[in-house]
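Okay, so here's the structure we're looking at.
Residue numbers (the working numbering): 63 to 613.
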């Protein structure tokens, strides 16, 4: 059974797709900010209608949604009226009335995520208790109600002590640090006092914060997006993903995107619009309407997102923001998302810029260009994609051929002397930092014992191409045999003795797998070499061998 109105087919109780397709599906969103706006953009490509409830007449989503109902999403009567107009009710902000959602669920309204999940996420202490019950790793915590209880927490956990508000705490707000017992009264006062609802956490000496975006479908299927930031060890990424998936599995409803435990798309996932096959906004819609979850994997090798924050009030702030946008629009791989908020304030999120590229080094260079940052002496003007290294300058006459080929294909390079025997510390440093610096392939030339290619391959996850260099004895066979005899698990792609040209071409082909423009140039190179051979063959056939040799 379904209710009908001018907005299409409403209040559908089944979880299947309507018989006439998704164009009859109406998703109601509580909140019409930038998250709702980007949800509307994703919905327009999926033939899904999105209607929003937001108190601001010119909220960011208002220009893009199918219908905008002006009203407060924390007002019970307004939300109940809004719910009559949609088949699925979801949120772009968790600060809604969970009691109203529970009432609507009892009436048969399809709320995603469930009111029980919203209630848990609204209260950070309830979050901790819920996740602790499900054995999710957490810092130690306890509720505080008065000075005596917070002093007891300090005695138990030590100092510094993190004091947090239970509600309406996000983006760094609602936190206060007490570095000693004397700081406790001031920290509590800064958070509004005990009546506001406070708890404490044992201080966590963390290295960096990771964001894991998780989506769960109606069929309880769970997918995870790549961990951000990307430059962390694989074991840490795996552990973070496992913790996030376990946390999401303990909550009810579809469309759970976990970062800072938020049941909605999150700022840390905006880059997925350009960087992933399925954006977090499309994924949220897929989850709440009951579609299969999409592919969260990356479709570009590297991506970075930069928030456009208000740098000043009013017109001066708009001017600075649009200067930034202008630079972004002149930068390859950069995409601007402007939220169209009518009022500019300092530190207000006004939009974001996503930059993609063939490597993180390339992306970082592009971001510096967008931000108009000066290039320091240790930052190359162009981020190298291929590292060419050799054990001695005596190898350079051979290794220059790899550099020439890469220059021919406009592939940026760096050429370094890195000796496995004379500068082992430099070798370790080079290999371990190459990935983070944006290097994608390493060409290593070595003669004699030729340990350099194998040692580099043992230290980096990047592909390594070995070039055996002919030394003074054994005609380079010693180098060739040394490089090709790497143990299992330490691969080195080895070319012929002194054939650095092929090493360069192999590097270009490796890069071409994820670079369509470069792959097209490889095809052109092959066609040119074929044409050159055919021209020589034709000349020999027409003129004979004597004329050919004498010409």
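Even for Gly, the Cβ is constructed at its ideal location relative to N, Cα and C.
- Contact holds between the stretch 343-352 and the stretch 278-289, because three or more Cβ pairs, one in each stretch, are under 8 Å apart.
- Pairing residue 250 with residue 228, the inter-Cα distance amounts to about 13 Å.
- Scanning 426, 524, 537, 210 for the CA closest to the CA of residue 552 turns up 524.
- In this structure, the beta-carbon distance from residue 226 to residue 263 falls below 8 Å.
- Residue pairing by DSSP places residue 397 opposite 416 in a beta bridge.
- Uninterrupted beta strand (DSSP E) stretches at least 3 residues long and entirely within the stretch 85-138 occur at 88-92, 111-116, 129-132, given in chain order.
- Between residue 573 and residue 555, the C-beta gap is not smaller than 8 Å, which leaves the two residues out of contact.
- Ranked by Cα distance from residue 280, the options 488, 355, 548 are led by 355.
- As computed with DSSP, residue 507 is found in a beta bridge with 452, 529.
- A Cβ-Cβ distance of about 6 Å is found for the pair residue 117 and residue 133, placing them in contact under the 8 Å criterion.
- In this structure, residue 113 sits away from residue 153, with a CB-CB distance that is not shorter than 8 Å.
- Below 8 Å, enough C-beta pairs join the stretch 415-428 and the stretch 389-404 to call them touching: three or more.
- Taking C-alpha positions only, residue 391 is separated from residue 188 by approximately 44 Å.
- Residue nearest to residue 278 within the set 401, 338, 351, 434 is 351 (criterion: CA-CA distance).
- Counting along the chain, residue 490 sits inside the alpha helix (DSSP H) bounded by residues 486-496.
- Residue pairing by DSSP places residue 206 opposite 260 in a beta bridge.
- Under the DSSP assignment, residue 227 falls in the beta strand (DSSP E) whose first and last residues are 223-227.
- The continuous stretches of alpha helix (DSSP H) do not include residue 375, and DSSP gives it neither H nor E.
- Separation of residue 160 and residue 182 (C-alpha to C-alpha, rounded to the nearest whole angstrom) is 9 Å.
- Taken through DSSP and simplified to helix, strand or coil, residue 141 comes out as helix.
- With respect to the C-alpha of residue 180, the residue from 489, 493, 156, 431 having the closest C-alpha is 156.
- Sequence-distant Cβ neighbours of residue 162 in its own chain, meaning closer than 6 Å and more than five residues away, are 138, 141.
- In the DSSP annotation of this structure, the continuous segment of the alpha helix (DSSP H) that includes residue 164 starts and ends at 160-168.
- Going by DSSP, residue 340 is part of no alpha helix (DSSP H) at all; its letter is neither H nor E.
- If you draw a straight line from the Cα of residue 171 to the Cα of residue 149, it comes to about 8 Å.
- The beta carbons of residue 471 and residue 585 sit no closer together than 8 Å.
- A check of alpha carbon separations from residue 107 across 582, 335, 601 identifies 335 as the nearest.
- For residue 368, no alpha helix (DSSP H) segment is defined; the enclosing uninterrupted segment is the beta strand (DSSP E) at 364-371.
- Taking the Cα positions, residue 293 is about 17 Å away from residue 338.
- DSSP places residue 276 within a strand segment (E or B) once states are collapsed to three.
- Judged by DSSP in its simplified three-state form, residue 590 adopts helix.
- Residue range 475-479 is occupied by the beta strand (DSSP E) that includes residue 476, with no alpha helix (DSSP H) assigned at that position.
- In this structure the stretch 123-131 does not touch the stretch 369-379; the number of beta carbon pairs closer than 8 Å is below three.
- Here residue 545 carries a helix assignment [DSSP, helix/strand/coil].
- Bounds of any alpha helix (DSSP H) do not take in residue 434, whose DSSP letter is neither H nor E.
- Ranked by Cα distance from residue 460, the options 302, 197, 558 are led by 558.
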